[in-house]
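Here the structure is laid out as structure tokens; the discussion comes afterwards.
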Amino acid sequence: MNGAGLAMATMDTIKLFGAEPANFLDVGGGATTEKVTEAFKIMLKNPKVKGILVNIFGGIMRCDTIATGVVAAAKETHLSVPLVVRMKGTNEEIGKQILKDSGLPIISADSMAEAATKIVEAVK
5 MNGAGLAMAT MDTIKLFGAE PANFLDVGGG ATTEKVTEAF KIMLKNPKVK
55 GILVNIFGGI MRCDTIATGV VAAAKETHLS VPLVVRMKGT NEEIGKQILK
105 DSGLPIISAD SMAEAATKIV EAVK
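Quick note on numbering: our numbering labels position 116 of the sequence shown as 120, and the sequence is numbered without any gaps.
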């Protein structure tokens, strides 16, 4: 996620749909592939993490950059939990295509409610 407001809204939405978020991690406006990979590593150290929801509003942060980082992170960490990605903003379509072309089982969502529903379903 990027931004504390988006993070809190995302956590509230996940709770609304029946799950308890383990935590959130704000990648901020300067995320790189390395930072996204490190974020995944940090999250996956927590045994309470049963899935990952990436919720990005790409104003300053470009969605294609986040998508490239998500794909690299999923591969490097050998991700074994469900991954839902919702991206809106700059280079959104390019980012979605990067995820689609990755060959990874990444679950895409177009809205925050859809993303929350999908991650809750995936971890149950």
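Yeah, the Cβ is synthetic: ideal placement off N, Cα and C, and Gly gets one too.
Counted within 10 angstroms of its Cβ, other Cβ atoms place residue i as buried (16 or more) or exposed
{"i": "LEU20", "result": "exposed"}
{"i": "ILE56", "result": "buried"}
{"i": "ASN6", "result": "With a pLDDT of 48 at ASN6, under the threshold of 50, the predicted position of this residue should be treated as unreliable, though the coordinate-derived value follows. Buried, since its Cβ has 16 or more Cβ neighbours within 10 Å."}
{"i": "SER115", "result": "exposed"}
{"i": "ASP30", "result": "exposed"}
Cβ-Cβ separation, residue j to residue i (assumed contact under 8 Å), whole Å
{"i": "GLY63", "j": "MET91", "result": "Contact doesn't hold; Cβ gap of about 12 Å is too wide."}
{"i": "ALA120", "j": "ILE18", "result": "5 Å"}
{"i": "THR14", "j": "ASN59", "result": "5 Å"}
{"i": "THR41", "j": "ALA77", "result": "4 Å"}
Nearest candidate by alpha-carbon position, reference residue i, set the options
{"i": "ASN27", "options": "ALA35, GLY33, LEU48 and THR37", "result": "LEU48"}
{"i": "VAL74", "options": "ALA113, ALA43, VAL53 and GLY93", "result": "ALA43"}
{"i": "GLU97", "options": "GLU118, ASP68, HIS82 and VAL85", "result": "ASP68"}
{"i": "ARG66", "options": "GLY99, GLY107, ASP105 and GLY22", "result": "GLY99"}
Residues that DSSP places opposite residue i in a beta bridge
{"i": "LYS92", "result": "PHE61"}
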